[in-house]
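A.B. asks: This is the structure I want to talk about, given as structure tokens.
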Amino acid sequence: MKNTDRYKKNLIVSTGKNKTYASESVKSIIYSTDPRDFGQVKKSIPCQDACPAHTNIPGYIRCIHEKRFGRAYELNRLANILPGVLGRICSRPCELYCRHGEPDLGKPVSICSLKRSAADFKSPMHRILEGLYSPSGKKVAVIGAGPAGLGAAHELSVLGHKAVIYEAFEKPGGMLMYGIPDFRLPRNVLMLEIENILRLGVELKTGVKVGTDVSLDSLLSDYDAVVIATGCTMPNRLGAPGEDLEHVYSGVRFMEQVNNGETPYVGKNVMVIGDGFTAMDCARSAVRLGAAEVKVNIRKTEEYMPIDDQEKHEVKFEKIRFYSLVDTKRIIGEKGKVTGIEFLRTKLEYSPNPPYRNAVPIENSEFILPADSVIVAIGQQPFPGEISGKIEQNGARILTRESGFSTSITGLFATGDCASGASNVITAIANGRKCAVDVDEFLIGRKRKIHVVRLESVDNTDRDRAYDFIKRTPMNTLDFDQRVSQRSNEVEKGYNEEQAAQESKRCYLCSLKYEIDTTACIYCSACIDVAPRDCIKMIQDVSMNPDGSFGHYTETRNWNNVSAIAIDNERCIRCGQCYEVCPMDCISVTKTERIELNIEE
Amino acid sequence: MITPGSQYLDEQINTVKENGFLRYRTGELPTWCPGCGYFGITDAILKACLELNLKNEEICAISGIGCAGRYPVFMNVYGFHTLHGRSIPVASGVKLAREDLTVFAVAGDGDALGIGGGHLPHIARKNIDITLFLFDNSIYGLTKGQSSATTLFGQATSSHPGGNPDTPLNPIKLALAYGASFVARGFAGDPEGLKHLAKEAITHKGFSFLHITTPCVTFDKFNFTWKNLKENHSYIDQSIHNVTDMESAMRIAEHERFKLGVFYKDSNRLSYHENLRNIASKKA
Amino acid sequence: MSDIDIVVEICGSAGEGTISAGEILSRFMSEEGYDIMSFDSYPAEIRGFGKCVAHSRISRTRVLTPGKYSDVLIALNDSHSISQLPVLKEQGVLIYDNKPPKYHDEDKSIAGWLEPGMIPYGIPLNELAIKAAGNARGRNMVALGAFAALFGISQDAFIQSVKRRYGKKKQVVIDNNVDSFVEGFNWTRDNVRKIDFHLFDSSPSDVKRDQLIINGNEAVARGALAAGLHLYAGYPITPATKIMEILSKELPKKGGVFLQTEDEISSIGHVMGAGFAGKRAMTGTSGPGFCLMSEFTGLSVMAEVPAVIVNSQRGGPSTGLPTKHEQSDLNIALFGGSGDSPRVVIAPTSVDQCYQAAVLALYIAEKYQTLVILLIDFFLSNSIKNLDPPPPPDPRYLNANIAPGKDELKDYKRYQITENGISPRTIPGTPGGMFFSTGLEHDERGKPVYDTKTHTLMTEKRFRKHREILKEIPEPRITGWEGQGDIGVVSWGSSAGAAEEAVILACEKGLKVGSFSSMVLSPFPANALVRFCDRFKTILVPEMNYSGQFANMIAPIVTRPVMRLNMVTGLPMASEDILKKIKEIK
Amino acid sequence: MPKNDHYVIIGNGPAGNLAADTLRDSDPDARITIVSNESMTYYYRHKLTEFIKGKAREEDLTVRPYSVYKDKNIRLRLGQQVDKIDPNKKIIYLKHMETVSYTKLIIATGASPRALPSVSNFSKCLNVLSTYSDALAQIPMINKNKTFLVLGGDIISFKFIRMLKDMGKEVTTLLYSEAFWPFSLEADMAQQVKKSLSDKGVTVISDDHIKSVKKSGEAFDIVTEKGLNQSFDSVYSFLGMIPNIRFILGSGIDTDRGILVDDHLKTNFDDVYAAGDCAQIYNPDMKSYWLSIGWNNAKIQGTLAAQNLLGAHKVINPAPQKILEVEGLKINTSWWESF
């Protein structure tokens, strides 16, 4: 975390209670491995738990509040190496779980946009912190310069290994470069952050296609380990007739062309099939290519689209229409060119896994809509490179060991979408890092890091109750004609510094844990009196979840059953009112962070 | 303030349950203002009863009018909420009728030192074996903050906005002067210490006077606040003070307003009942 | 609308600033030139539980009663306010908090109980208060802000008034209140669409009327001060406490003495002592405390030592309903205590009369060396009225003690039997005027004797004073139909206002109805009453007690059938109630 | 039926009332609650224009006075907005922070004016007229103002325009042919509409879009994409209606444009039904989903929803075809495809 060597000072001594105490030199800080502490961090910092990379979100938002943008940026970099990029195009799994977004608490903090603000406002001469390990003399080849590959390469070089990236395309970045349109992600931002990775001595070989230009076997022999991170580049096919007609594109290829500066024919009337971010990118690019009417055809309803509301709004704002509850039966064409689509109506039915809905076609409900071009963006799968056949696979995906990234071939690792299947950028980066740690263990022969919960008592939160009523700051965007006039114009302009400061105030700082010490509590309910919601409870019992977090709090209004007045940290919005009023000072505030400590030999 | 590393919630709950003082509570949630010191006192008394292992049914708690008057509602014993200032005589009556019971008289400062002040000397000199818990928040809470007998001189109250012209009583000195055979002071903010004093008071044979200082969080925001009381209170150094030494007790009571602990204790003095019996036996 | 007559109710739990909000509003409206009558009711609990209602009637014309139904209900607390909805008029306006921090259970939210016609304005009181001052304490001011914005009240004028009110308070307190007010005002102005018709003509009159805005307690206190009160001894009891609180401030300034005693017994004791020493003294209490004092009332009469007891009646018997209105202490006031003890009972009918009554009481007590009971009630004590500062009392009221002349002093008889019953009294310190007072029956010199003759003579003498007093009391107030009519309404105390209003309304409807009320009940102007009653077929006596204590008192006097209207609702008598009864009788 | 049933109906329009009556008839002692966000009881919405003109009084609008609800022992919660629903816990959360629990629920919230995303950034400057309180609030303004711009995006707008003309106002309308509601206006239709409007002295602009609306003093400055730049006293937006379902999103009740119900009007929850303008139903004959408009549909659906909720298994058939008169042009619709 902060700086690794600091922890080297405090050798970890194990105690009865799965807790380890820091030496006096540091203020009362505890490193715990007690499941209840992990449970607490998991359950009561929902955003961080939802982030595949476990970014320390409260941490960096706090820094933004304190106008320490550089620090905020670094906290991000610890978890994902492309904060500026993700600040723009992350799929924001965190915001879905932000406590501020809970019923009656308003809208989630716009975590993602703040991430971008950190990148935007850090000083230009910003100093990057890397806790580097001394060189190990080991060499690792990484195949693919996409998010996963970059993530792996970076972590490997931090751990002291020599990383060499082999990239088939001309430019690094993978989907970031060729999948996402530049009106959402300016290329200079992308390149800058890739630069930051390469500076650690990562070697990048672009235009080299493993399998044709160099064989996997030679890599395996030349390097101590090889990481495959080739992602998902093979578009899924509809499997419906007419898919090969002219002016029928796959989302991936369409975006590739667009991002290469080409202008594929779209015509006036564009039909996009698919409901993901790629589909949206295609539709929005089509608008910029001069399409008059763009329809996004989805099998379920808007509610179940895997994209966030802001994206939905932008899409609609660009006059694109969602056409829901339809399933493509076939694509119709004349003289080899597409002319329309025959759809089937669908209806929603319950399905046992999230989001618990299936779209089921309704019999003989066919109808036809005209189209000048059709873009099919219904996901991708790994490209079956030369490895296919040599290695155990799971469908098109490369099979990796349970809880790990090693493959059936020793020294060969696989990570990112080529192993997990199509996911999102943040997941890929996270997996890249995790994979690197696996590789490290493989190369060094032992784990060099463990996870612990760092507990530090704090005495004030300097949050103001009024902050809780600040409304979510909307993103500044271009208006319509600016968007179409020049297709590379970035649509989102980001927050200005004062907007960022305002938005950062909204974060509850869920990483602070509030606790009442029953041995000192006199049950005077002063805290309950000032509680902003049902976050402080008179309870007779509390249950425990398997993951170590507390489950149900059994409340009671019977004085003779009240065994404790407890703060439910999953309801608590950290307003600090209780802490202020407690006459017995029996409420404590503890900063809880899930961190990596490195283990000495 | 606890440091991270003290008990986890589930462990705390188990401790409380095993401990068992909850049995001295009724199901009624106290209606005192949130944050009231009376909660601390209640907590201490409950725990004292527990550690003395008293049977609930053998305790009587008699109170007067005022915030303290509500106390018996929340304690799972034979409670009696009587008239303003009249808790002492009623309690005395109970005790005289049933020596086998443990009797608490609960009174606020207005109750015991104001309107009922006239009763105090007499129960003290009779040395009837009850325990008076004097909940002293130095204000009239229920009538919205007028000066009481222990309100500081010059303190602004709703009856003396310009400052209280009356010098406050010194309850300890009074009790000593009235000849109470057990005189102690506890503090609502230290339930643990108060518990020990309560135990001693209850077990003492004869009239026990336990003065308990507590803030009124609603009507005294400046003087006897949690903060001030905590800062000023300290325990009598028992190594230099002998509890049978009346002069020393008086001296401390006189000069050190915020001393806590047992001031005076005369274990040899006979209780009213014993005197009655002796007189009776002499006649015989 | 020119003839504005709006009743505003602010309802919340104790501790939410409900009452002070009402006070601020009344003060402002009076400054704006309106006639107001306000009435607060609050619980005995300290905070968090009890229901508080600040009820103000604001009118361009003179108001006699606070009005039973409200035009505007400002709900600071939902569950409490729901019970106020029944008194909200059909077209009534409701201002409530539509964004409290927690959800209400089903049917616990006031917005759930609206009826068509009622006009709700949801204001996020809690949030705005926090925005304005960082905590929710300013909800009441936010609500007032919303009210002002909705009803055409000038923001600046109101703020000035608030500043005047908080003049002495800490700056931060003033700022928080003003900020909260402004927050509420602006938010409402910008976000709420007004659809009701109520509107105050915000006449920006720079000359603010400098009126007294006082409740009955304050009026009594001021009256007493004007009448040269020297000592006041009191013990806190709802609803009389305020008298004590005022005098503790004011008396010392006038060189007088205030003390808060350990109980009512001691209070009246101090009063007697001061009276004996020749100073005007008074104590105030309510039913329960009055009972304690009873032992002294007899002594005052017997020893002929002046004493004035203010009894602000509340619901009884016993501890009863400390914060509810009732007129049920008439009997104990008239007859309480042992033996034949004639006492003077004065029951003012309005806040302004409270002032005169206090003056009269101290005057009579001193001049006639007897006990005077000033019988007000919870409603009068708490009903706030704006009135022009009353002129200083006639000097003859100020120094009323009848001292013995030189010749009399030669052979001074403290309890000399005289025609008017008043024995000249010397004040301690008067050379040669020494005497002995006792609660035992005594002869003219004060020597205890129990023989038949003395007791008879002395008892007669003590009762003779009342004949004289009768000559000094103000004329009964008689209004309404002047000729031979159908119903004569005879009322007392605070119910008289409602009676008068009812009679006015009835007359407007063409009924032949008249109203009679006397401020002094003992001695009672029986002849005037008889003359009045002879003009009507039936007599109606409305009073806020169950047993009809006043009706019982006058029934033997009048020659007409006496109908009764007895209520123990705990609320002030409303003209509607009386009017309804009048119609029934018709 | 267990006696502790609590039927809650959201919406006090024709569907809601018919449902309530049906429930009451079959279950005399059940608890029935109607929640309505309007402050007025059940009234004729289509008479609002008459009301504004002063041709109709409040009692002419009223279909059912408050007393009737009392007699029928139906708890009518007026002026109360539903914030969200939890169909698993069977609790309704009201905007004013009150919870109401139900055993059976009928959603009949109807529809409210549609705001196209393209107008979102100046929607504050636009007036809509859809409820009684809108009317109440706007009457003075309408009487005062002279010049009106009407974004003519739906059939209702024509009625409003006629009203304005009757009141002798200057009316300009911007015809949203391609985004017209409830069906897109084909060129020839548009022509006829345009003509008959012009004949009434209405200035009709077509094939143009509003670029910006800015408030300047009392008036509003309008700029269109084709460069028209003019000022009006007030601007009205009639861009059609969309079902009132925002509060349902995320509750787990399936929605598309409207609330998705089967042909028994049941949602994907067993105790939750939807009826009237807010219900979206698949119709095999049309091979499409349809939403109904119109009073009668609502009544039929309200009744049927209630019957099914009580255990009947009646199937709704697409609303009877109904002829709408739009500016002398016959249009055949009582439903439209979801778009």
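Chains as they are written, first to last, in my numbering: chain C, 17 to 617; chain Y, 668 to 951; chain P, 484 to 1069; chain G, 128 to 466. C-beta atoms are modelled at their ideal positions from N, C-alpha and C, and glycine is treated no differently. Fair warning: this is a prediction, and the values are worked out from it, not measured in the lab.
Thinking just about the alpha-carbon of each residue, which of 540(C), 142(C), 471(C) and 453(C) is nearest to the one in residue 6(C)?
C.D. replies: This structure leaves residue 6(C) out entirely; chain C is present only between 17 and 617.
A.B. asks: Taking contact to mean at least 3 C-beta pairs separated by less than 8 angstroms, is the segment 674-681 of chain Y in contact with the segment 603-613 of chain C?
C.D. replies: Contact fails: fewer than three Cβ-Cβ distances are below 8 angstroms.
A.B. asks: At a CB-CB cut-off below 7 angstroms, which residues of chain G make contact with residue 597(P)?
C.D. replies: By Cβ distance, chain G contributes 205 and 206.
A.B. asks: Going by DSSP, name the residue or residues bridged to residue 1083(P).
C.D. replies: For chain P, the structure presents residues 484 to 1069; residue 1083(P) sits outside this window and is missing.
A.B. asks: Output, in chain order, the set of chain P residues within a Cβ distance shorter than 8 angstroms of residue 482(C).
C.D. replies: Here the neighbours are 613, 614 and 617.
A.B. asks: Can a CB atom of chain Y be found closer than 8 angstroms to the CB of residue 732(P)?
C.D. replies: Chain Y, which has a Cβ nearer than 8 angstroms to the Cβ of residue 732(P), makes this yes.
A.B. asks: What is the rounded straight-line gap between the Cα of residue 918(P) and the Cα of residue 943(P)?
C.D. replies: Distance between the alpha carbons of residue 918(P) and residue 943(P) is about 21 angstroms.
A.B. asks: Output yes or no for whether 8 angstroms exceeds the beta carbon distance between residue 856(Y) and residue 897(Y).
C.D. replies: Cβ distance < 8 angstroms, so residue 856(Y) and residue 897(Y) count as in contact.
A.B. asks: Between residue 505(P) and residue 810(P), what straight-line distance do the alpha-carbon atoms span, to the nearest angstrom?
C.D. replies: Taking the straight line joining both Cα atoms gives about 25 angstroms.
A.B. asks: For residue 416(G), name the three-state secondary structure that DSSP assigns.
C.D. replies: DSSP places residue 416(G) in strand when its eight states are reduced to three.
A.B. asks: Using the Cα positions of residue 38(C) and residue 476(C), report the straight-line distance between them to the nearest angstrom.
C.D. replies: Interpretation of residue 38(C) is limited by its pLDDT of 41, a score under 50 that renders its predicted location unreliable; no figure is taken from the coordinates.
A.B. asks: Listed from N- to C-terminal order along the chain, which residues in the segment 232-249 of chain G have their beta-carbon within a distance smaller than 8 angstroms of any beta-carbon of chain C?
C.D. replies: Residues passing the 8 angstroms Cβ filter: 244, 245, 247 and 248.
A.B. asks: For a cutoff of 8 angstroms on Cβ pairs, would you count residue 583(P) as touching chain C?
C.D. replies: Chain C contact via Cβ: absent.
A.B. asks: Following the continuous beta strand (DSSP E) through residue 133(G), name the residue where it begins and the one where it ends.
C.D. replies: Start and end: 133-137.
A.B. asks: Three or more C-beta pairs under 8 angstroms: does that hold for the segment 779-793 of chain Y against the segment 743-761 of chain Y?
C.D. replies: Touching, per the Cβ criterion.
A.B. asks: Can you tell me the Cβ-Cβ gap for residue 128(C) and residue 106(C), rounded? I've got them flagged as a contact below 8 angstroms.
C.D. replies: The pair is a contact, with the Cβ atoms about 5 angstroms apart (cut-off 8 angstroms).
A.B. asks: Could you tell me how far apart the beta carbons of residue 831(P) and residue 721(P) are, in whole angstroms, since I believe they sit closer than 8 angstroms?
C.D. replies: No, residue 831(P) and residue 721(P) are not in contact; Cβ-Cβ is about 19 angstroms, not under 8 angstroms.
A.B. asks: Figure out for me which residue from 217(G), 221(G), 277(G) and 236(G) has the closest Cα to the Cα of residue 228(G).
C.D. replies: Among 217(G), 221(G), 277(G) and 236(G), the Cα nearest to that of residue 228(G) is on 217(G).
A.B. asks: Beta carbons nearer than 7 angstroms to chain Y: which residues of the segment 740-751 of chain P have them?
C.D. replies: Correct list: 743, 745 and 746.
A.B. asks: For the segment 535-611 of chain C, list the alpha helix (DSSP H) runs that are entirely contained and at least 4 residues long, ordered along the chain.
C.D. replies: The segment 535-611 of chain C contains these whole alpha helix (DSSP H) runs: 542-546 and 593-597.
A.B. asks: Does DSSP put residue 933(P) in a helix, a strand or coil?
C.D. replies: Coil, per DSSP.
A.B. asks: How about residue 714(P) and residue 786(P): do their beta carbons lie closer than 8 angstroms?
C.D. replies: No, the Cβ-Cβ distance between residue 714(P) and residue 786(P) is not below 8 angstroms.
A.B. asks: Between residue 776(P) and chain Y, is there a C-beta pair that is closer than 8 angstroms?
C.D. replies: No - not a single Cβ of chain Y is within 8 angstroms of the one on residue 776(P).
A.B. asks: Report the residue ranges of all alpha helix (DSSP H) runs contained in full by the segment 681-730 of chain Y; include only those spanning at least 4 residues, in chain order.
C.D. replies: Here the runs fully enclosed are 705-719.
A.B. asks: In three-state DSSP terms, what is residue 1065(P)?
C.D. replies: DSSP places residue 1065(P) in helix when its eight states are reduced to three.
A.B. asks: For residue 587(C), go through chain Y and note every residue whose CB falls closer than 9 angstroms to its CB, in chain order.
C.D. replies: By Cβ distance, chain Y contributes nothing, its closest Cβ being about 14 angstroms from residue 587(C), past 9 angstroms.
A.B. asks: Roughly how many angstroms separate the alpha carbons of residue 243(C) and residue 180(C), rounded to a whole number?
C.D. replies: Spanning the two alpha carbons is a distance of roughly 10 angstroms.
A.B. asks: Starting from residue 171(G), find everything on chain P with Cβ-Cβ shorter than 7 angstroms and list it in chain order.
C.D. replies: Ordered by position in chain P, no residue passes the 7 angstroms Cβ test against residue 171(G), which lies about 16 angstroms from the chain.
A.B. asks: According to DSSP, what are the bridge partners of residue 45(C)?
C.D. replies: Note: residue 45(C) sits in a beta bridge opposite 472(C).
A.B. asks: May I ask you to list, following chain order, the residues of the segment 365-394 of chain G that have a beta carbon less than 7 angstroms from some beta carbon of chain C?
C.D. replies: Those would be 376, 381, 382, 383 and 387, in chain order.
A.B. asks: Give me the chain C residues within the contact set of residue 610(P), using Cβ-Cβ distance strictly less than 8 angstroms, ordered along the chain.
C.D. replies: In chain order: 485.
A.B. asks: By how many angstroms is the C-alpha of residue 275(C) removed from the C-alpha of residue 498(C)?
C.D. replies: Using only the alpha carbons, I get a separation of about 19 angstroms.
A.B. asks: Just mark residue 147(G) as buried or exposed, buried being the case when its beta carbon has 16 or more other beta carbons within 10 Å.
C.D. replies: Buried is the call here.
A.B. asks: Using 8 angstroms as the cut-off, can you tell me whether the segment 968-975 of chain P makes contact with the segment 859-872 of chain P, which would need three or more C-beta pairs spanning the two stretches below that distance?
C.D. replies: Output reads no: the segment 859-872 of chain P does not touch the segment 968-975 of chain P.
A.B. asks: Consult DSSP for residue 466(C) and reduce its assignment to one of helix, strand or coil.
C.D. replies: The answer is strand: DSSP assigns residue 466(C) an E or B state.
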